[in-house]
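Asker:
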Amino acid sequence: MAEIRECADDELKKKSDQLFKDLGIDMLMKKLEQSRKSALQGNYRTSEDVIADMRRKFEI
10 MAEIRECADD ELKKKSDQLF KDLGIDMLMK KLEQSRKSAL QGNYRTSEDV
60 IADMRRKFEI
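When the letters of the sequence shown are read in order and numbered with the working numbering, they come out as residues 10 to 69.
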């Protein structure tokens, strides 16, 4: 059972790493800067709001 979990964790890490490699550091930094500017303008949601929306959406 532990081996299956370890394989799954390794696979998720590989996919996550590949996503950031594909994105590129310049694009990632640009997206972070845009996110920061948007948040300063008040365009953000609390994690509680996001979780509540997801629970309603998926009827959890």
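The beta-carbon is built from N, C-alpha and C at its ideal position, and this holds for glycine as well.
It should be emphasised that the depicted structure is a prediction, and the values quoted were computed from it without experimental measurement.
When the cut-off is 8 Å and only beta carbons count, does Asp58 lie next to chain D?
Answerer: Annotation note: the requested chain D is absent from the structure, which comprises a single protein chain.
Asker: Measuring straight from C-alpha to C-alpha, what distance separates Gly51 and Phe29?
Answerer: Those two C-alpha atoms are separated by around 27 Å.
Asker: Which of the three DSSP states, helix, strand or coil, is assigned to Gln50?
Answerer: Three-state DSSP puts Gln50 in coil, outside helix and strand.
Asker: Tell me the rounded alpha-carbon separation between Lys40 and Thr55.
Answerer: For Lys40 and Thr55, the distance between alpha carbons rounds to 19 Å.
Asker: Which class does Glu68 belong to by DSSP, given the choice of helix, strand or coil?
Answerer: Coil, per DSSP.
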